[in-house]
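Accompanying notes for the structure given below.
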Amino acid sequence: MRNTRAFKEALADTLAELARRGVTVRPGTVADTIERNIRAVATQLGIQERSAWRYFDPAGLTACIAPQRQAAETTGTPGQVGRAPMPPVDNPELALILGGVPDALEESGGDLYSVIVNVAVNARMAGHSHGEDGCTGCQDKRPTGTGWQARTDTLNDTGYGVTRR
Numbered sequence: 741m742r743n744t745r746a747f748k749e750a751l752a753d754t755l756a757e758l759a760r761r762g763v764t765v766r767p768g769t770v771a772d773t774i775e776r777n778i779r780a781v782a783t784q785l786g787i788q789e790r791s792a793w794r795y796f797d798p799a800g801l802t803a804c805i806a807p808q809r810q811a812a813e814t815t816g817t818p819g820q821v822g823r824a825p826m827p828p829v830d831n832p833e834l835a836l837i838l839g840g841v842p843d844a845l846e847e848s849g850g851d852l853y854s855v856i857v858n859v860a861v862n863a864r865m866a867g868h869s870h871g872e873d874g875c876t877g878c879q880d881k882r883p884t885g886t887g888w889q890a891r892t893d894t895l896n897d898t899g900y901g902v903t904r905r
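Numbering (the numbering used here), first residue to last: 741 to 905.
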């Protein structure tokens, strides 16, 4: 679907409409939304996807996306909307996760995909714990508690650290 002229035109028109409204959205997100909407219309109407393009309206899609995006930006942290929390580069939990990559590659028989998924999930959790010390869902779940500084001190004592080269 994404290689068709109709899709490329729809994506370009939608991104142009969003730009006119002053809304910045990642092109991949818009492409995913268009694809999902076209498939949903085709399924709902019982027609082929190529026939569903006649129902697509870039201005209409923009009218839905723009207010949602603007609301998310005003209620959330600017620049962080839709992103997984990531720990700072010097976070010792991140160092521990990255330090385990060679062993994980060896243990998985070189399965890079599983190693990347493992790093991503664990880095997200490290970011969560760094950014949300008072998370009630995490209370009493960690031996060092939910205090980021306490976990950092514990990990620093073990010798893990991140340095840039």
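All residues carry an ideal CB built from backbone N, CA and C; glycine is no exception.
Here the structure is a predicted model, which means the values were calculated and not measured.
Looking at the unbroken alpha helix (DSSP H) that takes in residue 747, where does it start and where does it end?
745-760
Taking the alpha-carbon positions, what's the residue 819 to residue 760 distance?
In this predicted model, residue 819 has a pLDDT of only 47, less than 50, meaning its place in the structure is not dependable; the value taken from the coordinates is given anyway. Taking the straight line from one Cα to the other gives about 19 Å.
DSSP three-state call for residue 831: helix, strand or coil?
coil
In three-state DSSP terms, what is residue 851?
coil
With distances taken Cα to Cα, identify the nearest neighbour of residue 747 among 785, 791 and 764.
791
Have a look at 802, 765 and 794 and flag the residue whose alpha-carbon is nearest the alpha-carbon of residue 779.
794
Taking just the CA atoms, how far does residue 781 sit from residue 833?
45 Å
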